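Participant: Each residue of the sequence shown is one higher than the one before, counting from 272 in the numbering used here. One structure follows; several queries about it will come next.
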Amino acid sequence: AFSAEGGLVALIGDAAHAMTPSLGEGCNCALESAVRLADCVSSAMREVGGSTCSPAILSEAFRRYGAARPAEVIPVQRRSADRSNAKNQTAKRTTPQSLHSKTEKVP
Numbered sequence: 272a273f274s275a276e277g278g279l280v281a282l283i284g285d286a287a288h289a290m291t292p293s294l295g296e297g298c299n300c301a302l303e304s305a306v307r308l309a310d311c312v313s314s315a316m317r318e319v320g321g322s323t324c325s326p327a328i329l330s331e332a333f334r335r336y337g338a339a340r341p342a343e344v345i346p347v348q349r350r351s352a353d354r355s356n357a358k359n360q361t362a363k364r365t366t367p368q369s370l371h372s373k374t375e376k377v378p
């Protein structure tokens with residue numbers, strides 16, 4: 272998930288889904304994430320009939336965004352990593368997880 276369990280924090284951009292530059296999709300995914308998060312906030316506000324965004328509404332929006340967004344972004348991360356690995360067969364292997372942790376060496 273791209274949000275904390277309690278909904279107090281949501282991650283967007285490279286903090287949530289770092290990518291290799293091989294597809295040029297990093298900025299696009301970050302912008303899409305910002306729009307998705309705004310949509311979640313708007314939706315949560317409409318459901319309670321509010322015109323202002325309270326901390327409770329924001330937390331609910333963060334939870335919704337954090338649960339839904341990975342399914343949209345992880346496939347792009349995988350394609351980006353695959354393309355990067357195809358270009359650099361002798362380089363280190365890139366996986367979506369390794370973009371946030373240490374890089375694995377190709378066996």
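Yeah, the Cβ is synthetic: ideal placement off N, Cα and C, and Gly gets one too. No experiment lies behind these values; they were computed from the predicted model shown.
One question on the structure: do ALA305 and ILE283 come within less than 7 angstroms of each other, judged by their Cβ atoms?
Facilitator: A contact, by the Cβ cut-off of 7 angstroms.
Participant: Taking C-alpha atoms, which residue in GLU276, ALA281 and GLY297 lies nearest to ARG350?
Facilitator: Minimum Cα distance to ARG350 is reached at GLY297.
Participant: When you compare only the Cα positions, how much space is there between PRO346 and GLY295?
Facilitator: Their Cα atoms are separated by approximately 14 angstroms.
Participant: Measure from the alpha carbon of MET316 to the alpha carbon of each residue in ALA357, VAL344 and PHE333, then state which is nearest.
Facilitator: Here the closest residue by C-alpha is PHE333.
Participant: Please state whether DSSP places SER274 in a helix, a strand or coil.
Facilitator: Three-state result, SER274: strand.
Participant: Would you list, in sequence order, the uninterrupted alpha helix (DSSP H) runs of no fewer than 4 residues that lie entirely inside the region 322–355?
Facilitator: List check, alpha helix (DSSP H) in window: nothing returned.
Participant: Taking the alpha helix (DSSP H) that GLY297 falls in, what are its first and last residues?
Facilitator: Per DSSP, GLY297 belongs to the alpha helix (DSSP H) from 297–319.
Participant: Taking 7 angstroms as the threshold (C-beta atoms), are ALA281 and TYR226 in contact?
Facilitator: The question about residue 226 has no answer here: the residues shown for the chain are numbered 272 through 378.
Participant: Quick test of your reading: GLY277 and SER330, contact by CB under 8 angstroms. State the CB separation rounded to the nearest angstrom.
Facilitator: About 7 angstroms separates the two Cβ atoms, so the contact holds.
Participant: For VAL344 and CYS311, which I take to be in contact (beta-carbon distance under 8 angstroms), what is that distance rounded to the nearest angstrom?
Facilitator: Not really, about 15 angstroms apart at Cβ, beyond 8 angstroms.
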